[in-house]
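Data first, discussion second: the structure below is written as structure tokens.
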Amino acid sequence: MEQVLQFLSYILLVVAALIPIANPFSTAPMFLSLTQDFSKQERQKAVNLATLYMFLLLSVFLIFGVQLLAFFGIELTSLRIAGGLIIGYLGFRMLFPAPISMPGGLTQQTTANDIAFMPLAMPSMSGPGAISVVIAMAARINTAETLQDELYGYIVVIAGIAVAALICWIVLSAATKVVKFMGVNGIIAMTKVMGFFLISIGVDMVVNTIRSFF
Numbered sequence: 673m674e675q676v677l678q679f680l681s682y683i684l685l686v687v688a689a690l691i692p693i694a695n696p697f698s699t700a701p702m703f704l705s706l707t708q709d710f711s712k713q714e715r716q717k718a719v720n721l722a723t724l725y726m727f728l729l730l731s732v733f734l735i736f737g738v739q740l741l742a743f744f745g746i747e748l749t750s751l752r753i754a755g756g757l758i759i760g761y762l763g764f765r766m767l768f769p770a771p772i773s774m775p776g777g778l779t780q781q782t783t784a785n786d787i788a789f790m791p792l793a794m795p796s797m798s799g800p801g802a803i804s805v806v807i808a809m810a811a812r813i814n815t816a817e818t819l820q821d822e823l824y825g826y827i828v829v830i831a832g833i834a835v836a837a838l839i840c841w842i843v844l845s846a847a848t849k850v851v852k853f854m855g856v857n858g859i860i861a862m863t864k865v866m867g868f869f870l871i872s873i874g875v876d877m878v879v880n881t882i883r884s885f886f
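Next comes the structure, spelled out in structure tokens:
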């Protein structure tokens with residue numbers, strides 16, 4: 673029982689790191705605007721594809737991200753600092769957003785396939801910040817002493833990515849109700865809170881990386 677609770681707590685940590693970055697609550701209004709001319713079935717298809725792409729994209733970077741770093745000769749410490757700066761910047765933008773105009777409705781020829789990957793999956797829910805986080809997690813997993821511990825780490829993070837994608841699926845599937853319930857001010861408040869957490873996560877990544885030099 674204790675091992676199960678520990679496993680779930682690790683998954684929760686992964687979800688807690690990804691959800692503020694994915695921020696499906698701020699994606700919901702954009703999603704409704706992009707799909708305002710879609711049928712109910714087409715809108716749900718867009719949600720299904722976007723969250724599937726999110727899961728696949730982050731999982732691929734989790735598994736192959738460290739190899740990509742090695743291929744381009746990028747040090748892990750550089751990635752952690754860059755990731756921390758990106759996450760902090762995203763959080764700052766969420767705390768102090770610039771005025772934006774929502775995109776208008778799409779033409780009837782546009783389908784769920786056209787918006788599922790971009791802009792919904794990338795960069796809205798699995799952009800540079802989320803990718804940096806999962807690659808940093810992968811790098812930490814690769815320091816495991818045994819193959820069993822390494823596999824355990826990958827299973828935990830992939831499960832966390834799946835839960836985060838599921839949360840995004842739930843929010844976007846109920847986007848109309850979410851936006852109506854929270855209202856514009858509620859979504860702005862939620863975005864600012866998540867922005868604050870992102871800044872904290874970013875600063876923590878940078879500080880801990882710098883400490884590792886001493």
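Under the working numbering, the letters of the sequence shown match residues 673 to 886, in that order. Don't be surprised by glycine CBs; every beta carbon is placed ideally from N, CA and C.
Give every residue of the same chain whose Cβ lies closer than 6 Å to the Cβ of residue i, excluding the five residues on either side of it in the sequence, and list them in chain order.
i: V806; result: L730, F733 and L734
i: G867; result: G763, M766 and L767
i: T749; result: T881
i: I759; result: G801, L870, I873 and G874
i: I772; result: Per-residue confidence for I772 stands at a pLDDT of 47, beneath the threshold of 50, marking its modelled position as unreliable; no derived number is given.
i: V829; result: V686, L734 and M809
i: R752; result: A808, M877 and T881
i: F703; result: L844 and A847
i: I693; result: G801 and A802
How would you write the range of the alpha helix (DSSP H) that residue i sits in, first residue to last?
i: S750; result: L748 to L767
i: F744; result: K712 to F744
i: E674; result: E674 to A694
i: T881; result: A847 to R883
i: G801; result: P800 to I813
i: A793; result: Looking at the DSSP string, A793 is not in any alpha helix (DSSP H), and its letter there is neither H nor E.
i: A784; result: A784 to I787
Among the residues of its own chain, which have a CB less than 8 Å from the CB of residue i, if the five just before and after it don't count?
i: R812; result: G825
i: V687; result: G832, V835, A836 and I839
i: N814; result: V738 and E822
Which same chain residues end up closer than 7 Å to residue i when comparing Cβ atoms and leaving out the 5 residues on each side of it in sequence?
i: G737; result: V806, I807 and A810
i: Q716; result: S845
i: V879; result: none
i: A793; result: A722, Y725, M726 and L729
i: G858; result: none
So the candidates are the options; which of them puts its Cα closest to the Cα of residue i?
i: I691; options: D786, V843 and S884; result: V843
i: V851; options: S705, A694 and L685; result: S705
i: L757; options: I827, Q820, S804 and Q675; result: S804
i: S798; options: T848, T863 and T699; result: T699
i: I787; options: N814, D821 and E714; result: E714
i: V719; options: L677, M877, M790 and Q820; result: M790
i: P769; options: V676, F743, S681 and I860; result: I860
i: W841; options: P696, A816 and Y682; result: P696
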